[in-house]
Each structure stands twice: as C-alpha cells, then as structure tokens.
Amino acid sequence: MIIMTYKFKMQGLSCANCAQKIETRLNNLNQVKVTVNFAQAQLTIDTDQVMEPNLIQSLEKNVQEVEQGVKLVPLFELEEESNLDLDENNNSKSVLDSEGWRILITIPLFILGFFLTNHISSEWLLVGYFGLTYLFIGQNVLKTTWNKIKNKDWLEENFLMTIATLGAFAIGEYPEAVAVMLFYSIGEWFQDRAVEQSRQSIQSLMAIRPDFARIQQTDGSLSKIDPRELVEGQEFVVAVGDKVPLDGQIINGQSQVDHSAITGESLPQSLKEGDTLYSGSINLSSQLTAKVTKTFKDSTVSQIIDLVENASSKKAPTEKFITRFARIYTPVVVGLAVLLAVLPPIFFSDISLSTSFYRALQFLVISCPCALVVSVPMSFYGGIGAAAREGIMVKGGNFLETLTKVKTLVLDKTGTITQGNFAIDQVESLHLSDEKFLEMLAHLESQSHHPIALSIQEAYGQTLDPDRVQEVETISGKGLKGIVDGKTLLAGNKDLMDQFTIEVPELKTAATVVYLSINQEYQGYVLIKDQIKPDSQSALKELHQLGISSTILLSGDNQATVDEIAQLVGIDQAKGNLLPQEKMAELETIIESVNTQSSKNNTSSVAFIGDGINDAPALARADIGIAMGGMGSDAAIESADIVIMNDSLAKLPRAIKIARKALHIARQNIIFALGIKILFLILATIGYSSMWMAIVADVGVTILAVLNSLRTLNQAK
C-alpha cells in the first residue's frame, strides 16, 4: 500500500477551536490521516486514495460544516503557493477591511444610541434602533450561529455570543447587547490581525526556498528555469547574490557562500571546485558552476521546510492538555451559567430572576477558551520557527517540551566533541621501514571509510592499488582483517589482537592506537590523534549552567583517550572501549537509572547527541535524540528528533534556551488567560462586573496572549 501526502491551504481559517474540530472530524473519515496546522492555515492529508476532485469537494464540505467559508486549495506548484499566500493575504485584508468599516460605522451609531436613550421615551423606537444596529454589527456572528445550529455544532463562541446578546435584549439591556457584539467584533478583528501577523512572521523564517535556477544555453547566455526541472547530474550556474537552487558539487569557480539560512552561522564559508553547495545558501562573491547531486524534493532546503511544516503534527504535552481542557471548559461554564440563572432566585430572596439571568449571560461571554486554543500552539510553533532560523530543526512541539526536561546528556565522541579529523602522530614499526609499514596498513584500510582509515590513507599519500587487496572483513568495534600481497593482515585495537592471540604491548596513551600484524606476527603500531572542537569546552560549561546535572561520554576509543578528552572539556563521566552493542547497553542502564530516580515527579529526561550516521539506535532509544552535522546528511535528518544542521555543539544550549522560552511563554498564556477568566467568573457571580467588561477582558486576553506568543520568534542570543 502506497501512502501519499497531499497539502492544502485553508483560505479563511481564523478559528483555532474550529481547526481542532476540523482535524477530529476529518480523521473520522475512512482511509485518511489528517493534520491541521492552524499556525500556517494548512491541511495535510496522508491517504492511499488518489485525490480526485470529488474527494476534495467532500473534504471541503466537511470543513465548511465546521467553519463556514473555508476553502481548500491544493499546494501543487511553488508559484501557486506564493500566489496563494499573496491572494489569501489580499483576501484576508479585504474581509478585515469590510469588518473594520462595519465597526467604524457602528461606533458612532452606538454612541448616538446612548444619547437617544435619554431623549426618546418610546420603547419600540429604542428596540428598533438598537436592533438594527445589532443586526448590522453582528451579521457575521448570527450567520455563523445559524449554520452551527444546522450542523448540530452549537456549543461554540458564536452561538454563546448570540445567546448572551439576545438574552440582554430580552431583559431590556439594549445598549449592552450592542456593546457586547461591538466589542466582540473589535476583538475578533484584532485577533485575526494578530494571528495573521504570527503566520507571516513564522513563514518569513522559512523564506529560504529558491525561486529559480540558472542554466547556460548553447550560445553562452543564462536563462532562469524552475529548480524542480533540474535532474541529477545536470549543470547549473549560481550568480553572485543568488540563492543556491539545489544541492550540488562545484565544478567551476571559487566563492564565499553564506550558509546562515541553513545553519544559523553568520560567517561565510570559502568554497572551491569539488566542494558541496547546499540549497538555500547564498553566493556572495563569484559566479559558480555546479552539478546537481540532489533533486529539488530531496534538497537540503526542501528537507528543512518539510521538517518545520510537519512539526505541528507532533503536539507538545501542554498543547494536548489545552485541547482536552477546551473540550471540558466550555460545557462546564455553560452548565454553571444555567445554575447561576436558576438557583440564586430560589435561595436568595433579594436576587431577582433578571439579575441572576444577567449574571449568567456574563458566564456565556467568557466561556470560550480562544486565548488558550490560539496562543499555546502558536508559542510552540514559534519556538520551532525560531530554532529553524538558527539551524536547529525540531521535529515537533513534543520534542521541544521534552528538551526542557533534559537533566542527563549522553554524548558520542567523534564528530560531536572532537572534529573527527584524525591525523597520525607517531609510527612505531618493529621490522619494516615506516614507509613500508604505512603502505601495507593503508592498503588494508583502503576498504574502509572510517575516519581513522581515511587518516591512514592520507598519511600514506600515494596511489593505492585495489588489486593487491582481497577478502577484507570488518570486525565490529575492533578493526579489519584482510589479505594484502597474499599476506594476512590484522589492523585494529588491542581487543582485535587478543581475539587472534597476538601478543602486543598495552600502551598508556590518550591517542588512538592501531596495531598491525602480518601473518600472525606483530609488526608495530601507529598513534592517531583527533582534535577537540574549539567550542566543545564552552558548550559543556554552558550546558552545566543551564542545569544539565550529568554529562556522560560513550566511545569505542581506549579509556585513556576518553578520560583525557572528558577532563579537557568538562564531561562528568567517560566510558571507553565500548562496542556498538555495549554503547546501547550503557545507554539503557543510564535511562533506567534516571527513570528510577525521577519516577516520582517525572521531571528528568535523557538526551543523546551524536553524528546521526552511526548512532541511529541510540538516537531512537533516548528520550530525545539529537543529531549534529545534518546539512547534507539524510541519515541525520531521518534518525533524530532534533537536527543541528552544522557540527557545532554550541547550538545545543541555544536549543535548550529556545525550548524553555517557548514553554515559559505557553505557560504564561495559560496562567494569564485562566486567571482573568476565573476572576471575571467570580466577579460575575457576585455582581461586580458587566457584560461589556467581560467581553473586553475576554477578547483582550486573547489578543495579548497571541501577541505574547510572538515573543518566541524574537529571541536574543
């Protein structure tokens, strides 16, 4: 069964609560899995069905039964997406302008109404005047309410606002009924603008997709084409100032290239012939010609955008709580409103039915959890966008929240703490010349792509003859066995030599030791050293300052090397001489220990950080897996929960700060919104508030919460 993914822009989506209902409703359909991203107004469908026009119409019908006027427009082409965003913005502005004019006209009418109440004695004239003003400003709310009643989805904000204002009319509070509808409309107008601003801010972070590619014509001129038309192996030209359209290898030219949109690093990198170009980067100084190595859909920039867009499907625990809470909150408050209308006149003789009814109407006004439903997902999605801007790809709000709970960090050594650029420091040969020793060793290692093997080949520095090498076997975690010039060679660590009963000296050194035997006879060794990354020590120090209480280094290297590196960079514990399966066993032990200690309060998580290529099992097993060096690495992007696009460990404390701020802002919004609502529920109960005060408080909280969520996008380093 082939599962296909379809994406639609949801034009006209302005209600976060409706977005959740749409997602639930569509997921009840057969053979589809649906995710609604309110922050981007985007619908994603995974299905094994072909998306025929009648199926799209069926989906749109279901959507419009929840929120009237929402249109589904497929995102097939890049130009269509761009035009669609522009059209939607224009359309949105037109709707808001129309509503804005209605509000502007209603304000003087409302003020005039107050004057009329003092000078007109006819009740019917007042009812007529305020009734017409009410219908003018509330027409959209009333239409939506009617559609909701027809679809039996009446327990939502428009219905509650309609009942509250009609109730005010029923007890003779005509100006208050109009005031509530007017303030509600003003609040919705500002809320829509705030949400749209949030969407545009988030989308602007992802404005890295290239619009065109340049190719050279037969006459030497350059022409622009759609980057998706290029195929692997085809040549393209990147002019100065252009975004690199696809991943490719430079075949002509040398230039400074800005990778900041991909990695978050501000310093440009000098690239030359043979180096790799990554899509989304910007060419700064000289024209380059490159050959496509990845097509558009597999390019680095496409992977980044897909990661960010799909992140909304993995909701944080706090988001899930708010979703569950919203389903309970509104019915409970409506139930309390009914009790408040009925019970006080029964038990308190000094409270009239009209007074208790008026207080109950205030409950209806503040019974919508919009401030929570809109702002909390925006906080997490804004955090994901802010991280993406700095070259940190977070695959979901759940991983962002888990990152805030990390107290134990397990690290791989090579490529994480060290650069992975090995170099031979010393050669000790017993019987052969150093040159012959390296020649034999390099030929055996020519069948391996391990960084240590590559360093040996580089030290040899001469052409290797593959015909001299046969039957090479990798012995996991130990080394290589093979035949070179008809002789059996073993190259690896002491465990390999012990396995084949070859006696070798045990060296006390922080360098990596590679022993060599020929025909079961010990020949000597080479010492290989790796360089510690410049930012490893400062990054570990900052991680400890952020509350990471335990850092553990796991490596297959010898214990002396691992201990020395751990001491230099400030890692708490170090364990070496580990085979791949032993690494996993150690990680399991660490996770079990942490879970045992934190089972009561469930506040501690274990993170593993590695290069994402050889650490896939560990990345999957840890509470949160973090891969470094994701730029150009499909394996890293596939296997990890968080991907750091460059190889800088300093990005990890930055990611933790972003995650904590996003969670902090989400919690701020929850406390603020619930606090104001509870306050006004109490004030309404004891008769110290009015309907218009309640509506101003309710919409004001929503607007402030949405604007507060925008702070996740603007985080100082």
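Heads up: the sequence shown begins at 1 in full-length UniProt numbering, then just goes up one per residue. By construction, the Cβ of each residue, glycine as well, lies at the ideal position given by its N, Cα and C atoms.
A direct Cα-Cα distance of roughly 27 Å separates threonine 162 from serine 121. For aspartate 498, the uninterrupted alpha helix (DSSP H) run begins and ends at 494-499, by DSSP.
Per DSSP, proline 74 lies in no alpha helix (DSSP H) segment; the continuous beta strand (DSSP E) that holds it begins and ends at 71-74. Residues of the same chain with a CB within less than 6 Å of the CB of serine 354, apart from the 5 flanking positions on each side, are Ile171 in chain order.
DSSP, reduced to helix, strand and coil, places valine 410 within a strand of the structure shown. At a Cβ-Cβ threshold of 8 Å, threonine 5 and threonine 44 count as neighbours. Counting only residues of its own chain and dropping the five nearest sequence neighbours on each side, glutamine 249 has a CB closer than 8 Å to the CB of Gly274, Asp275, Thr276, Leu277, Ala290, Lys291 and Thr293. Boundaries cannot be given for methionine 51, as no alpha helix (DSSP H) includes it and DSSP labels it neither H nor E. Shown here, threonine 44 sits in a strand according to DSSP, grouped into three states.
The C-alpha of leucine 496 lies about 50 Å from the C-alpha of proline 210. For isoleucine 624, the three-state secondary structure derived from DSSP is strand. Cβ atoms of threonine 603 and lysine 297 stay farther apart than 8 Å, at about 41 Å. Cβ atoms of aspartate 572 and threonine 596 stay farther apart than 8 Å, at about 18 Å.
Per DSSP, glutamine 531 is not a residue of any beta strand (DSSP E), being assigned neither H nor E.
Between isoleucine 624 and phenylalanine 380, the C-beta gap is not smaller than 8 Å, which leaves the two residues out of contact. Lysine 533 places its beta carbon less than 8 Å from that of isoleucine 417. Distance from the CA of isoleucine 262 to the CA of alanine 662, rounded to the nearest whole angstrom, comes to 21 Å. Nearest Cα to isoleucine 103 within the set Asn118, Lys9, Tyr134 and Lys575: Tyr134. If you draw a 10 Å sphere on the C-beta of lysine 143, you find fewer than 16 other C-beta atoms in it, and that means exposed. With respect to the C-alpha of isoleucine 528, the residue from Gln520, Thr512 and Leu540 having the closest C-alpha is Thr512.
Counting C-beta pairs with one atom in each stretch, the stretch 691-702 and the stretch 579-595 have fewer than three that are closer than 8 Å, which means they do not touch.
Counting only the Cα atoms, alanine 41 lies some 21 Å from methionine 393.
Residue pairing for glutamine 597: DSSP places it in no beta bridge.
Glutamine 362 is classed as buried because its beta carbon has at least 16 other beta carbons within 10 Å across all chains shown. The residue from Glu592, Ser302, Lys320 and Glu638 with its alpha-carbon nearest to that of aspartate 611 is Glu638. In this structure phenylalanine 348 is exposed. Its beta-carbon is surrounded by fewer than 16 other beta-carbon atoms within 10 angstroms. At least 8 Å separates the beta-carbon of leucine 441 from that of alanine 388. Taken through DSSP and simplified to helix, strand or coil, aspartate 258 comes out as strand. With a contact defined as Cβ atoms closer than 8 Å, lysine 407 and serine 593 miss out at about 12 Å.
Of the candidates Leu55, Leu29 and Ile251, the residue whose Cα lies closest to the Cα of phenylalanine 8 is Leu55.
In this structure, DSSP gives valine 504 a state outside helix and strand, which the three-state scheme calls coil.
For isoleucine 417, no alpha helix (DSSP H) segment is defined, and its DSSP state is neither H nor E. Taken in chain order, the complete beta strand (DSSP E) segments of 3 residues or longer contained in the stretch 432-478 are 469-475.
Looking only at Pro245, Val240 and Asp306, the smallest Cα-Cα distance to serine 286 is reached by Val240. C-alpha of isoleucine 590 to C-alpha of serine 517: approximately 37 Å in a straight line. Close CB contacts of cysteine 368 within its chain, under the 6 Å cut and outside five residues either way in sequence, are with Glu157 (chain order).
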